[in-house]
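What the sequence shown shows, in numbering that gives the first Met the number 0, is residues 0 to 69, in sequence order. Each residue gets a CB set at the ideal place from its N, CA and C atoms; glycine is no exception. Predicted model only: the values in this text are computed from it and were never measured.
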Amino acid sequence: MNNPIDYKELSAAEKMLLVEEIWDSIGEDEIVLNEKHQKLLDQRLHTLKNNPKRTPWSKIKEQVRANKSQ
0 MNNPIDYKEL SAAEKMLLVE EIWDSIGEDE IVLNEKHQKL LDQRLHTLKN
50 NPKRTPWSKI KEQVRANKSQ
């Protein structure tokens, strides 16, 4: 058995990689939502996809970069 990792001794970058590994290790089939939560997620996804006021991520990045350069 591997020794446990003391995350407190890791750098910020190493902690991010560890969290990413943990997140990636959770398969979609392991996450079980109850009907109420599934319905809420479906509603939010529908709203997101059908919102004409939403701003594409590429446009947001462009705006942030323009503001940083000023």
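Measure how close the beta-carbons of residue i and residue j come, nearest whole angstrom, since I'm counting them as under 8 Å.
i: Leu16; j: Ile4; result: Actually they are not in contact, since the Cβ atoms of Leu16 and Ile4 sit about 11 Å apart, beyond 8 Å.
When you compare the CB positions of residue i and residue j, do they come within less than 8 Å of one another, or not?
i: Arg53; j: Leu44; result: no
Any beta carbon of chain B sitting closer than 8 Å to that of residue i?
i: Lys38; result: This model lacks chain B altogether, as it is built from one protein chain only.
*Kindly provide the ranges of any alpha helix (DSSP H) runs that are 4 or more residues long and lie completely inside the segment 11–59, ordered along the chain.*
11–24, 34–48
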